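Numbering-wise, our numbering comes out as the position in the sequence shown, counting from 1, plus 1478.
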Amino acid sequence: MKKLEQLYEGKAKKVFLTDDPDVLIVDYKDDATAFNGLKKGTISGKGVVNNRMTNIVFQMLEKKGIPTHYVEELSDRETAVKKVEIVPLEVIIRNVAAGSFSKKLGVEEGTKLLTPTLEFSYKNDELGDPFINSYYALALGLATQEEIDTITKYAFAVNDALKEYFAQANMELIDFKIEFGRFHGQIILADEVSPDTCRLWDMDTHEKLDKDRFRRDLGGVEDAYQEVFKRLGL
Ligand code: ADP
Ligand code: UDP
1479 MKKLEQLYEG KAKKVFLTDD PDVLIVDYKD DATAFNGLKK GTISGKGVVN
1529 NRMTNIVFQM LEKKGIPTHY VEELSDRETA VKKVEIVPLE VIIRNVAAGS
1579 FSKKLGVEEG TKLLTPTLEF SYKNDELGDP FINSYYALAL GLATQEEIDT
1629 ITKYAFAVND ALKEYFAQAN MELIDFKIEF GRFHGQIILA DEVSPDTCRL
1679 WDMDTHEKLD KDRFRRDLGG VEDAYQEVFK RLGL
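What follows is the structure, encoded as structure tokens:
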């Protein structure tokens, strides 16, 4: 497979075309942003952690019947993926109150939710990824009802698989964001699953092992990513 010209440079990854029209190459950077790009920095080694972690997680999810964009890991930062049309929804699942949920609803961070929740944001940087519901998504033509049903089913299945996967490494999955895409008419999991997109807390000490260390200037950012890498045996 030949790497051709760059299609897109995002905040955390570069995306390249290849000689196969169905395949892209993603290249994970160490760049970090938060608060819709207002805070910028570098987390040394992050790209390597996020690339490997996403690939291991996606292969595990495939085995559990969740289709993903994963094709082949090409290097420590580069992976071949199926080229999808991204559904412009950020799908957020929460098991424990944190972040914007805690702030908006006045629920203390760390409060266990009675059931896992799902919410959608409209993936639109100019608008700051606003919170929407499935009726908005339908009304705006972002996805069909059938696609929303599939996405919802897969998202909860991803949660079940990830909770167990992280628990084995003594980490609690607080919440996470995933994205889906359309590939030849099918909905498949795309983008990434990493400490950039998940909140992971140590089960015993509740120490944060994710991007909140960067967002909130908690220090030990690189160490947290390396700790996740080590605990998951990546
Ligand atoms: P952002 O665009 O939010 O800054 P990234 O830096 O992670 O994010 O850029 C990666 C971009 O590639 C994202 O917009 C993401 O939706 C998109 N993407 C992820 N996986 C695929 C895929 N398999 N096919 C096409 N686009 C993808
Ligand atoms: N998240 C993400 N990208 C975003 C927004 C959120 O990966 O653009 C993840 C975030 O890492 C967390 C979850 O989604 O694991 C829920 O985030 P929340 O809505 O609490 O937003 P935040 O507090 O990060 O603004």
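Glycine included, each C-beta is placed from N, C-alpha and C at the ideal position. In this text the structure is predicted, and so the values were computed from the model without any measurement.
- DSSP, reduced to helix, strand and coil, places Ser1612 within a helical segment of the structure shown.
- The DSSP assignment places complete beta strand (DSSP E) segments of no fewer than 3 residues inside the region 1643-1708 at 1649-1661, 1664-1668, 1676-1680, in order along the chain.
- Counting of Cβ neighbours within 10 angstroms places Thr1683 among the exposed residues, the total staying below 16.
- In the DSSP assignment, Phe1598 is bridged to Val1569, Ile1610.
- If you look at Lys1581, you'll find it isn't in any beta strand (DSSP E); it sits in the alpha helix (DSSP H) that goes 1577-1583.
- The DSSP-derived three-state label of Lys1560 is strand.
- Phe1536: member of the alpha helix (DSSP H) spanning 1524-1541, first to last residue.
- The residue among Asp1674, Phe1661, Asp1638 with its C-alpha nearest the C-alpha of Leu1596 is Asp1638.
- In this structure, the C-beta of Gly1697 stays at least 6 Å away from each heavy atom of ligand 1.
- A straight-line Cα-Cα distance of about 16 Å links Ala1615 and Arg1660.
- DSSP places Ala1617 within a helical segment (H, G or I) once states are collapsed to three.
- Judged by their CB atoms, Glu1563 and Asp1607 are not nearer to each other than the 7 Å cut-off.
- Between Glu1705 and Leu1687, the CB-CB gap stays under 7 Å.
- In summary, Lys1560 is buried, with 16 or more beta-carbon neighbours lying within 10 Å of its beta-carbon over all protein chains present.
- The beta carbon of Phe1692 sits closer than 7 Å to those of Ala1510, Ala1512, Gly1519, Ile1521, Val1699, all from its chain and outside the five residues before and after it, given in chain order.
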